Structures are given as C-alpha cells and as structure tokens.
Amino acid sequence: MLSLLKRYRTLLIVGVLLLYPFGAFLTTGRRGRDPNFVDRAVIGLTAPLQRGLIGLIDGVKAVVFGYIDLREVRQENEQLRSENLQLRAAVQALGEARVENERLRGLLSYAEAVPGPEIAARVIGVNPVAKLLSVRINRGETDGVFRGMSVVTPDGIVGQVVRTTGGWADVALVTDAQSRVGVRVQRSRARGTAAGEGKGPLRLENMLRTEDVQVGDLIITSGTDGVYPPGLVVGKVTQLEKTEHGMFLGGDIEPAVDTTRLEEVLVRGNPFGALVQGSAGGSGGER
C-alpha cells in the first residue's frame with residue numbers, strides 16, 4: 001500500500017488539489033464565503049496548471065480546426081482549378097469556332113460574288129510523298145467534283161483536281177513541281193507561266209524580256225491553260241532576273257495562298273468543259 005502511495009504520490013496530490021475546490025463548493029452549497037488560506041493556496045497552485053491545460057486544449061482545437069479549414073481550402077482550390085481548366089477549354093473552343101466562322105463567311109461571300117458553280121470542301125488529308133504535293137478534300141464525284149477542276153480560296157488559286165472517287169478528291173497544289181499555270185501581270189497585262197518548284201515561291205517563266213513587269217506586281221491567271229478561268233489571284237512578284245541576252249526573263253512569285261495552312265477550299269466548275277479532261281497537268285503559258 002505504501003509503495004503504491006509513493007509511486008502515485010504526485011498524481012494524488014494534484015488530484016486532491018483539483019478536487020478540493022469542488023468539495024468545498026459541495027459542502028458550502030450556495031452560500032458564498034471569502035476564500036481562506038487553504039483556498040488561496042490551492043488556487044495559486046492549480047491556476048498555472050489550469051492555464052496550461054486550457055492553453056493545450058485551445059492549441060489542439062486550433063490545430064484540428066486549422067487542418068479542417070486547410071483541407072476544405074485545398075478541396076475548394078482543386079475544384080476551382082478544374083473549373084478553370086474547363087472554362088479555358090471552352091474559351092479555346094469558342095475562339096476556334098469564331099475563326100472558322102469567319103473563314104466560312106469569307107468563303108461564302110467569295111462564292112456568291114464569283115459567277116459559276118462552286119463546291120465548298122474541307123481539307124481532310126495531306127499527301128506525305130514529296131513527288132506530288134497534294135491535299136485530299138471531302139468532296140468527290142457524287143458531289144460534282146471531277147478531274148481537272150480548279151480549286152481556289154478567296155485569297156487565290158490552290159491547285160487542280162487530279163483524282164476523284166465517290167466521296168473524296170486529290171488536289172495537286174500550284175507549288176508542285178509539275179504544276180504550270182498560265183498567268184498575266186495585272187498592271188501591264190503581260191502574259192507568262194507560273195511554275196511550281198516543290199517548295200517556296202513559284203517560278204516566273206515564258207515571259208518576254210521586253211515585257212513590262214516589276215517587283216510587287218500582282219500576278220493573276222490568264223485563262224490560257226485550260227484549267228483556271230482568267231482573273232484569279234496567283235501571287236506577287238518578289239524578284240526579277242533580267243539578262244542582256246535571251247528572249248525571256250525569270251523571277252519569283254510569292255503565292256497568294258499558303259498551301260501549308262489550307263482548311264477550307266472551293267472547287268470551281270471549269271468553263272472549258274471537255275478540254276480539261278485531257279489536261280490534268282495544266283498546260284500553262286500558252287501565248
């Protein structure tokens with residue numbers, strides 16, 4: 001018994017000190033009295049302990065509630081981050097739709113302004129083989145697209161149809177090395193040929209050295225190649241090569257249409273009819 005008292009002596013003393021005020025309250029009931037010496041001593045001894053316990057409890061409460069608040073803030077941040085990503089995706093989709101609508105409106109306005117039947121098409125593929133620079137469109141024979149028809153955008157010429165099936169067609173681009181387009185200088189009406197070189201600018205060929213042509217001149221189709229009707233924009237002259245000898249001059253033409261960024265095009269009914277059925281390569285430069 002004595003060994004137990006020695007072992008738990010400190011706890012017993014603290015317990016007595018804590019229980020004493022409660023016992024005193026029970027014995028005195030509701031009658032008030034001034035604290036005596038023992039009361040003052042007990043209060044003095046237990047006050048630091050009570051303050052420590054209260055501080056510990058408040059600290060634990062603060063940590064617990066802080067963790068709960070932090071967890072809620074993290075969950076709210078995750079939700080806001082997810083909503084932000086969804087809103088950004090929606091804004092991007094709306095922006096792309098707006099750009100596409102602007103392109104389609106321009107295409108429609110051009111189709112309405114130009115006489116003759118035209119078929120709107122979307123580019124759905126690019127030929128990866130460098131031997132023939134071409135794109136594939138989602139219109140074919142069932143839509144009225146046939147070999148030899150010209151393909152354009154509001155900015156200028158794109159190429160001509162070289163192969164068709166029921167639901168799609170392949171379009172050889174004006175930049176292809178086999179492409180030849182009969183052209184004219186819009187300002188002076190001088191005629192020549194725009195030849196594709198596989199990449200970069202078109203090459204100005206078959207133009208007499210005595211013709212009036214300058215850097216910056218707008219080049220349009222002449223209508224002499226049996227593929228493109230006259231007056232369509234081809235590009236601008238960016239460089240000229242005039243020699244002292246020879247019949248022809250050379251130069252570079254920057255295409256009006258960036259064929260690497262095509263998305264929508266117009267296929268034009270060809271005014272030359274049966275003539276184009278035997279000239280898919282484009283004769284070009286007829287004078």
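Numbering (the UniProt record's numbering), first residue to last: 1 to 287. The beta carbon of each residue, even a glycine, is placed where N, CA and C say it ideally should be. In this text the structure is predicted, and so the values were computed from the model without any measurement.
Whole-number beta carbon distance between residue j and residue i, since they are thought to touch under 8 Å
| i | j | result |
| --- | --- | --- |
| Leu232 | Ile124 | Between Ile124 and Leu232 the Cβ distance is about 24 Å, and since that is not below 8 Å, they are no contact. |
| residue 351 | Val126 | There is no way to answer for residue 351, as the model of the chain reaches only from 1 to 287. |
| Gly192 | Leu202 | Not a contact, Cβ separation roughly 11 Å. |
| Arg163 | Arg147 | 7 Å |
| Val237 | Gly251 | 6 Å |
| Val171 | Ile119 | Not a contact, Cβ separation roughly 12 Å. |
| Gly182 | Thr224 | 4 Å |
| residue 321 | Val267 | The shown model of the chain, from 1 to 287, leaves out residue 321, and the question about it has no answer. |
| Glu263 | Arg122 | 7 Å |
| Ala190 | Val174 | With a Cβ gap of about 19 Å, Ala190 and Val174 do not count as contacting. |
Residue i - partner residues in DSSP beta bridges
| i | result |
| --- | --- |
| Phe248 | Leu208 |
| Val162 | Partner(s): none; Val162 has no beta bridge. |
| Gln214 | Gln214 pairs with nothing; no bridge assigned. |
| Ile219 | Val185, Gly235 |
| Ile137 | Val123, Ala169 |
| Ile253 | Leu202, Val237 |
Reduced DSSP secondary structure (H/G/I, E/B, other) of residue i
| i | result |
| --- | --- |
| Ala121 | strand |
| Glu234 | A quick correction: the sequence has Val, not Glu, at residue 234. Here Val234 sits in strand by DSSP. |
| Leu240 | strand |
| Trp265 | Per the sequence presented here, residue 265 reads as Val, with Trp not at that position. Here Val265 sits in strand by DSSP. |
| Leu202 | strand |
| Glu197 | coil |
| Glu96 | The predicted position of Glu96 is uncertain, since its pLDDT is 49 and thus under 50; a value taken from the coordinates is nonetheless stated next. Reduced to three states, the DSSP call for Glu96 is helix. |
| Asp225 | coil |
| Lys61 | helix |
| Leu132 | coil |
| Val69 | Here residue 69 is Asp; the residue named in the question, Val, does not match the sequence. In this structure, Asp69 counts as helix in the three-state DSSP scheme. |
| Gly29 | Residue placement at Gly29 is poorly supported in this model, since its pLDDT is 49, which falls under 50; the coordinates still yield a value, given next. Three-state DSSP puts Gly29 in coil, outside helix and strand. |
| Ala274 | Confidence at Ala274 is low in this model, with a pLDDT of 37, below 50, so its placement is unreliable and no value can be given for it. |
| Gly52 | helix |
Buried versus exposed, by CB contacts within 10 Å (16 or more), residue i
| i | result |
| --- | --- |
| Asp217 | buried |
| Tyr228 | buried |
| Glu96 | With a pLDDT of 49 at Glu96, under the threshold of 50, the modelled position of that residue is not reliable, and the figure given next carries that caveat. Classification for Glu96: exposed. |
| Gln160 | buried |
| Arg139 | buried |
| Ser188 | exposed |
| Val151 | buried |
| Met149 | buried |
| Thr221 | buried |
| Arg261 | exposed |
| Asp258 | exposed |
| Arg81 | exposed |
| Ala256 | buried |
| Asp176 | buried |
| Ala169 | buried |
| Gly246 | exposed |
| Ala62 | exposed |
| Gly196 | buried |
| Gly29 | The predicted model places Gly29 with a pLDDT of 49, which falls under 50 and marks its position as unreliable; any figure quoted below should be read in that light. Under this definition Gly29 is an exposed residue. |
| Val64 | exposed |
| Gly235 | buried |
| Asn84 | exposed |
Every unbroken beta strand (DSSP E) within the stretch 140 to 194, with a cutoff of 3 residues, ordered by chain:
Within the stretch 140 to 194, the runs of beta strand (DSSP E) that reach at least 3 residues and sit entirely inside it are, in chain order, 150 to 153, 156 to 164, 169 to 173, 180 to 185.
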